[in-house]
Ligand code: IVH
């Protein structure tokens, strides 16, 4: 039997338990209340003692111990998780009037005039879900597309402010939701470190938080100053759920989860508007970035009554702060060709900081807008940036225009492939379809994107490289790539080539709706792809459907229906689809009885692709 100098096995177990609880309690004191009760040295001493005991008694080691917050071995990729309760988004409001309309709607729907709201700062980070079983953190996941996210448990475990073990009496299973973010101070220090190490700097705290959380090596995450605020719940037993949002937050705080201190319980429209003014003034002094305030109906029974629309609850709204503006000069006007061939003029700008981010480009949306605003090279312009949205040019400062600034001349042919252009209302399109290299590249990037086939590591630069080397021409060619071909390419090591191939390999198993979205059919976004996948038993059925049947589906109008039919009529598209299926792309077929929406009448016959 191993006997420590101070403890026998039993005594060690007791002491280990005590130390773990003490350390977690100190973490809470520090992260929740910003009020440590012991010195850093005393804290370190507790940690050291725990580490030594766990080394002496390896059988008493546990993943839930605070000593395990240093990170685990790197993962190949993040496993996917399905959210039992979808993770929703929020509708936005930008004015007092929009808040007033939200409150009126809420009052009418509830047939109540006296409604309390919880006002919560809208933190600028990433939504995560934390699942606890018997008080122990079992799974942490990103929001992903709202129904499926990534399992980031190892990374979340490294965050000291998140309890690994809730020692209070809690339900056997519950899910806490909240925001992972980085404080302004943490962000500045992180970027300083990056600069010293000659690494690329993060553009803003949100990007830094996202980059840190999506690290396959959790030891890297452990070095990042990530913080967390709880603001909601997912799976939660009814009998343990308080009656209101405010009480839920109090309960979560009592269980050891950090809850934002600036949360306020307010009444009706006036309460929301007053709170917004207060938050506007408090904003510069906060320790973290916020991009607005969220107003949530306080009573959960009211929330249930109100329900959801599409991806956002009817019981909450985000009042966003106005976008920030700055003045700079237009250096050039370039034209980009998108996935569907649409030409978009882009203003290249003299780099300038707006809302803490250096901006070098602004979208001009289309030529019509460019002409209306009469934007010219060398003009001084006001640019605006709101949240993560691409910055835009608001207006030209005409009195600063140099005499040499000439009106912009729109291209007469596609700037990438030289083909003719087609005009469709205000959109100008290259007519070459997938024969245009720009459209081909964008189609492949879209295919690989996170909400589509989710091929990690296949970004803009690599797609370019593969196209230029002639290794790919269509998305189906990705599944024929060989290790020997990739390692021949500049900047491709053995490891990065193997990683890319394994991401491609993993993407073979997907869902029908992701596959449909990945095909890049015009106007078929994620939601439409989901509806299509629910309505059709398989791909063959969809490929043969007529326009009229499609129009019977929710959310599909004549234009979308026409795009879908003509997409599947094109021989090139049919060929690529066949190659993709032959390459082994597969998904689980949802049987009619388990599909969440009624299927259309089953008049389709399977023919095999
Ligand atoms: S509630 C069903 N509360 O904002 C409600 N979200 O635009 C879903 N966010 O994905 C979210 N602070 O990442 C909620 N106090 C807060 C929040 C908050 C920041 C983020 C969250 C969400 C996004 C929606």
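Numbering (the working numbering), first residue to last: 167 to 775.
Each residue gets a CB set at the ideal place from its N, CA and C atoms; glycine is no exception.
Residue i, buried or exposed, once every other Cβ within 10 Å from all chains shown has been counted against 16
i	result
residue 679	buried
residue 207	exposed
residue 712	exposed
residue 525	buried
residue 650	exposed
residue 474	exposed
residue 619	buried
residue 725	exposed
residue 513	buried
residue 308	buried
residue 249	buried
residue 759	Legend: pLDDT at residue 759 = 42, less than 50; position of this residue unreliable, no value from coordinates given.
residue 773	Because residue 773 carries a pLDDT of 26, less than 50, the predicted location of this residue cannot be relied on, and no value is offered for it.
residue 367	exposed
residue 763	Any reading at residue 763 must be qualified, since the residue scores a pLDDT of 36, below 50, and its modelled position is unreliable; the value itself is stated next. It is exposed - the Cβ of residue 763 has fewer than 16 other Cβ atoms within 10 Å.
residue 556	exposed
residue 569	exposed
residue 240	exposed
residue 739	buried
residue 321	buried
residue 324	buried
residue 563	exposed
Proximity test, residue i beta-carbon vs ligand 1 heavy atom, cut-off 6 Å
i	result
residue 624	no
residue 255	yes
residue 293	yes
residue 397	yes
residue 288	yes
residue 371	no
residue 316	no
residue 432	no
residue 242	no
residue 345	yes
residue 460	yes
residue 424	no
residue 252	no
residue 724	no
residue 479	yes
Residue from the options whose Cα sits closest to the Cα of residue i
i	options	result
residue 752	712, 709 and 674	674
residue 434	408, 457, 464 and 411	464
residue 401	276, 536, 737 and 342	342
residue 489	551, 374, 452 and 719	551
residue 695	689, 704, 682 and 701	682
residue 356	344, 346 and 371	371
residue 502	496, 511, 494 and 495	511
residue 532	508, 745 and 521	508
residue 566	572, 546, 582 and 583	546
residue 233	240, 217 and 226	217
residue 588	582, 597 and 581	597
residue 780	639, 381 and 482	One cannot answer for residue 780 here, as it falls past the ends of the chain, which runs 167 to 775.
residue 235	267, 193 and 254	193
residue 280	432, 632, 704 and 294	432
residue 657	627, 667 and 670	627
residue 387	237, 453, 277 and 581	237
residue 461	285, 742, 385 and 450	285
residue 491	287, 528 and 334	528
Span of the alpha helix (DSSP H) around residue i
i	result
residue 186	175-199
residue 275	262-276
residue 387	384-387
residue 295	Here residue 295 belongs to no alpha helix (DSSP H); instead the beta strand (DSSP E) covers 292-299.
residue 472	466-472
residue 279	Per DSSP, residue 279 belongs to no alpha helix (DSSP H) and is neither H nor E.
residue 239	Careful: residue 239 lies outside any alpha helix (DSSP H) and carries neither H nor E.
residue 302	Unbroken run through residue 302 is the beta strand (DSSP E), 302-308; no alpha helix (DSSP H).
residue 462	Per DSSP, residue 462 belongs to no alpha helix (DSSP H); it is in the beta strand (DSSP E), 456-463.
residue 537	533-539
Span of the beta strand (DSSP E), counted from its first residue to its last, around residue i
i	result
residue 283	282-289
residue 318	No beta strand (DSSP E) contains residue 318, which DSSP labels as neither H nor E.
residue 776	Any property of residue 776 remains undetermined from this structure, which presents the chain solely from 167 to 775.
residue 546	546-551
heavy atom of ligand 3 below 6 Å from residue i C-beta
i	result
residue 644	Ligand 3 is absent from the structure shown, which contains only ligand 1.
Q | Contiguous alpha helix (DSSP H) assignments of at least 4 residues, all confined to the region 392-440 | A | 411-420
Q) Of all the beta strand (DSSP E) runs that stay within the bounds of the region 474-525, which reach a length of 3 or more residues? A) 482-486, 490-503 and 509-520
(Q) So within the region 567-641, which uninterrupted beta strand (DSSP E) runs reach at least 3 residues, ignoring any that extend past its ends? (A) 587-590 and 593-596
Q. What are the uninterrupted segments assigned as alpha helix (DSSP H) that are 4 or more residues long and contained completely in the region 311-370, given in chain order?
A. 319-323 and 350-362
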